[in-house]
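Protein chains in written order, with the working numbering: chain Z, 22 to 524; chain D, 22 to 524.
No residue lacks a Cβ here, since even glycine has one placed at the ideal position from N, Cα and C.
These numbers were taken from a predicted model, which means no experiment stands behind them.
Dropping the structure here:
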């Protein structure tokens, strides 16, 4: 062989804020995607896939991180000097697609999309820079029926992935109502106004900082535990009181909340429009049987993204889990969305009203794993056929092939090690069965099946019932011709599904 | 509402070399992935997902584009100045993962992975800068049984996605044999040697340029139709003759090919090692019943990527299609792979032998669509419920809900238009049925179902059998309470599967 020159040796490390996902996570995510997809198709949404990156100007700057508007995305330059950015959500690329293909689309255009998105943010515990979303959107309708449908879809979604009623709630609100309140207290609500964005972001932090924290952010500003100071919206106390009253208006039933909001928006036209929209949504939800345990109006909901123009909604998981610091917390948001009537207009100049819902799949996977759900149904490991004799490797291969042809996951041990190491491999691999054809067995036309699941149980429980042990021995010799049937029988001992065909 | 300032209006356009994929393409790709995944799991590979980008030094420079080694990937700098690159395949990230987690993995480590990869190459017809791969790899074994398994997997893969035997062939070869031939003709085969790479790439172009083109590239160089000159490997005529003899040695049976190769490598140790490996693979394939119509030795196969160290293999589709210029051509490669014993070593310093196979899913989808396969089984469109009366939208919503609860894809028309436009929408959408509840129907407790599939047929065929038309009218009134049952019956007229539950 050729000589190798001594060369640079890179350090193997996963990039900052990214992660590798092993079998269990991948399978759970896949199961979530399959179930949500099925639901979206049932609702009549069609799949569409856009690419991972877009021209930077097409994506726009709508991320909630006001401090680093340019750094929220990953960007690079093409060889023709144009800037490209990795998508930070699936909505902005949809707006580009609709604007580009507008005339050829049937309107309303209903599509769903799934895939990774990337955010160039400071990573933290449970906060990654790549995560998976699956979205459904209806583009080209101003009707509140479309928003109500999104809220129903969000609720159905939570149940489709196996959550119980009561484990989640879809909260909804309308940005126009907040704009109405701002109008009555004398704050400019012009699009892109910095003070309005600061107020939105302050309210968005209610869950994390509580009412007192939000009060500070609406006023002079707030210093956090680390000593960092966040500049506030500099509102007067009376203004702050009105906003807090707005935020806290959702304690009662939706009817009561609507009444309270009517008192807060005064004569503001946009505020009244928002309330009429909320009332329309609420009526449709009620008629369709989605009661307030599943979907309810919550004025404190604002959502972080800058492009929402009307109704917004969020799917929250209400059960409690331990967070990374060992504290018991409610799991919180696993998805959300809203109406974005201006996003296609950015390209076309004319308004194309649209609304959509996005599931944060990676968050949902974490929630399901915290609850111990979905995992069992998605894990399978192969039967391992030992390869003890290098000269007879084709015989082992033949057995593997027979098992696979019967729909049973199987593999031949492909390393160079001996019997003990091969058994250790099968164990570590979580294989349910090891198949052994040594010289003695071959002479008798037999193979040995070792039940590794039972073996593990027996070694845990020495006091085990002897009769049962004899009845179901952990190791049996079977006729070579009966390999598939006997493996199937052994798999069925533990889990009926394991002996079934792979789907 | 707030005033909008007149602002920059970006042009909506998909970036160069990328594309949007509509429902049919997305569904076909999903079906391919599901089938290949199922096969990989049957073989005992476990899923692993790594992120879209890696530190640039971890990916290394193994792309076939010698002229633009740095430009083959998309790269950007993190805020800590480190360079990140979008992955160009799924193998280099696997090598990084294995090196990073080596001690905790059971060896051999068998994983599969699926996802998009990106190449910063000049786009062309059918050549995109983002495409989907699904790979299976076995890491930690030097045994040829692992390579033989990859070849079997490749063949099974083609059949799993619905291709007939004879529509594909898996070709395999071994880079060591080429190195042996190079040794006998006096060419340095050191790793990374520029002349060797130029020779590899010349041979890799055999399909496209024919023997004469390859001769030029092995010699002084070649000018293409556009006048661009590609520098050659500058070999002497006798050397070129030997290489062409090598490339053309695969005309007969595998046994004959092996005999011819033995004559070409002389006493070269590496060449003889390569032949022994090929012979080992060939014996295992034969014993497992994979005959030469499914997998055969082909010395002209080299594969483009720089990291292969031994056996290489490629899945080729043998049927003919029309290319973009209207010429009849063989479809060609839809996947490939090989052994890369040095890729993990780059990080660890010690050799970790590995081999793997990658399916080019996007290419395969194009092939299946060219053949008209898989599409039918994956397309479904929803029943459209018209919404004729804004006041009664909750009634339409109720019907949609009943259909969905019964597992039938359905949607309510959500635009603002009248009856005619709603019917046009349902048609354009490809809906099988439109459900109409007008005032008259409501008074009688009925709804009208319009069979749009039959309607389209009838309007095509005016001479249609009148009796049959009366027997299966395109439009019927049914009791509101019978909605689901009647929709199901109408769907079943055309395709039994359409009436079945969504899966």
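Between residue 251 of chain D and residue 238 of chain D, the C-beta spacing is below 9 Å. Annotation for residue 458 of chain D: 468 place their beta carbon closer than 6 Å to its own, counting only its chain and skipping 5 residues before and after. By the C-beta criterion, the region 398–416 of chain D is judged to be in contact with the region 427–443 of chain D, since at least 3 inter-stretch pairs fall below 8 Å.
Residue 224 of chain D places its beta carbon less than 9 Å from that of residue 268 of chain D. Between residue 191 of chain Z and residue 181 of chain Z, the gap from beta carbon to beta carbon reaches 9 Å or more. Residue pairing from DSSP leaves residue 224 of chain D without any beta-bridge partner. Beta-bridge pairing by DSSP links residue 471 of chain D to D/455, D/496. Annotation note: the region 147–225 of chain Z contains the following uninterrupted alpha helix (DSSP H) runs of length 4 or greater, listed N- to C-terminal: 165–181, 196–205, 215–225. Cβ neighbours of residue 354 of chain Z within its own chain (closer than 6 Å, five residues either side excluded): 335, 337. Rounded to the nearest angstrom, the Cβ distance from residue 271 of chain Z to residue 318 of chain Z is 6 Å, consistent with a contact under 8 Å. For residue 35 of chain Z, the nearest beta carbon of chain D is closer than 9 Å to its own beta carbon.
Within chain Z, no residue has its CB atom less than 8 Å from the CB of residue 377 of chain D, the nearest being about 12 Å off.
DSSP lists D/244 as the bridge partner or partners of residue 250 of chain D. The beta carbon of residue 368 of chain D falls within 9 Å of a beta carbon belonging to chain Z, placing the residue at that interface. At least one CB atom of chain D sits nearer than 9 Å to the CB of residue 29 of chain Z. Linking residue 152 of chain D to residue 437 of chain D through their CA atoms gives a straight-line distance of about 39 Å. The Cβ atoms of residue 162 of chain Z and residue 115 of chain D lie no closer than 9 Å to each other. Residue pairing by DSSP places residue 316 of chain Z opposite Z/191 in a beta bridge.
Residue 146 of chain Z is classed as exposed because its beta carbon has fewer than 16 other beta carbons within 10 Å across all chains shown. Where residue 359 of chain D is concerned, there is no enclosing alpha helix (DSSP H), although the beta strand (DSSP E) around it starts and stops at 349–360.
Taking a 10 Å sphere around the C-beta of residue 206 of chain Z, we find 16 or more other C-beta atoms and assign the residue as buried. The region 380–389 of chain D makes no contact with the region 38–51 of chain Z, as fewer than three CB pairs between them are under 8 Å. With at least 16 other beta carbons inside 10 angstroms of its own, residue 197 of chain D counts as buried. Burial state of residue 508 of chain D is buried, judged by a 10 Å Cβ sphere holding 16 or more other Cβ atoms. In this structure residue 494 of chain Z is exposed. Its beta-carbon is surrounded by fewer than 16 other beta-carbon atoms within 10 angstroms. About 6 Å separates the beta carbon of residue 473 of chain D from that of residue 454 of chain D, a gap short enough to meet the 8 Å contact definition. By the 16-neighbour rule on beta-carbons within 10 angstroms, residue 287 of chain D is exposed. Only exposed fits residue 371 of chain D, as fewer than 16 other CB atoms lie within 10 angstroms of its CB. Taking a contact as a CB-CB distance under 8 Å, the pair residue 475 of chain D and residue 514 of chain D counts as one, their CB atoms being some 7 Å apart. When Cβ pairs closer than 8 Å are counted between the two stretches, the region 312–326 of chain D is seen not to touch the region 119–127 of chain D, the count staying below three. In the three-state reduction of the DSSP assignment, residue 70 of chain Z falls in the strand class.
At least one C-beta of chain Z is nearer than 9 Å to the C-beta of residue 405 of chain D. Under the Cβ criterion (8 Å, minimum of three pairs), the region 358–371 of chain Z does not count as touching the region 412–425 of chain Z.
Contact annotation: residue 120 of chain Z and residue 367 of chain Z have beta-carbon atoms nearer than 9 Å. Between residue 156 of chain D and residue 111 of chain D, the beta carbon gap of about 5 Å places them in contact (Cβ cut-off 8 Å). Boundaries of the alpha helix (DSSP H) harbouring residue 422 of chain D: 414–426, taken from the DSSP string.
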